[in-house]
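Visitor: Here you go, one structure.
In this note's numbering, the protein residues as written are 81 to 213.
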């Protein structure tokens, strides 16, 4: 894989997440996160921001995944410990009155967009509203 030296070179090619992780390692950037986050780290670096100044966007290491009883309509999607796990699946199943609930691609897109935009105000209730519209 050719290592891009300019932002123009970087934006002219499509990269898989595994390739973005390799580039981040070579540039000494954070390697955790979504493709959008990894792209952002590399873009900042190629715009001249020193790698030492580029920090992990979200740090959930200190957060435990929320349990069923901790989830409600006001639960923040970002920086709360909320994730699409079995507790959330059960909560959504009960909320919608269904036996089985599957997370949708649209839900993942909404959550990732909130992460990329650092939208710390979006809640589970907002997620449901956006899913239904």
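Every residue, glycine too, gets a C-beta built ideally from N, C-alpha and C.
Is it a yes or a no for the segment 170-182 touching the segment 117-126, going by three-plus beta-carbon pairs under 8 Å?
Guide: The segment 170-182, when compared against the segment 117-126, does not touch it at the 8 Å Cβ threshold.
Visitor: In the segment 163-197, which residue ranges form an unbroken alpha helix (DSSP H) of at least 4 residues, counting only runs that do not cross its ends?
Guide: If we require 4 residues or more, the alpha helix (DSSP H) runs fully inside the segment 163-197 come out as 166-176, 185-196.
Visitor: How about residue 204 and residue 153: do their beta carbons lie closer than 8 Å?
Guide: Yes, the pair counts as a contact, with Cβ atoms nearer than the cut-off.
Visitor: Can you check the segment 112-146 for any alpha helix (DSSP H) of at least 4 residues that lies completely inside it and give the ranges in chain order?
Guide: Within the segment 112-146, the complete alpha helix (DSSP H) runs of at least 4 residues are 115-126.
Visitor: Could you tell me how far apart the beta carbons of residue 158 and residue 117 are, in whole angstroms, since I believe they sit closer than 8 Å?
Guide: The Cβ separation is near 12 Å, so there is no contact.
Visitor: Would you call residue 130 buried or exposed, if buried means 16 or more other Cβ atoms sit within 10 Å of its Cβ?
Guide: Exposed, since its Cβ has fewer than 16 Cβ neighbours within 10 Å.
Visitor: For residue 220, collect the residues of the same chain with a Cβ closer than 7 Å to its Cβ; drop the 5 residues on either side in sequence, then sort them by chain order.
Guide: In the structure as shown, the chain begins at 81 and stops at 213. Residue 220 is therefore absent and cannot be evaluated.
Visitor: Quick one, are the C-beta atoms of residue 211 and residue 193 less than 8 Å apart?
Guide: Contact: no.
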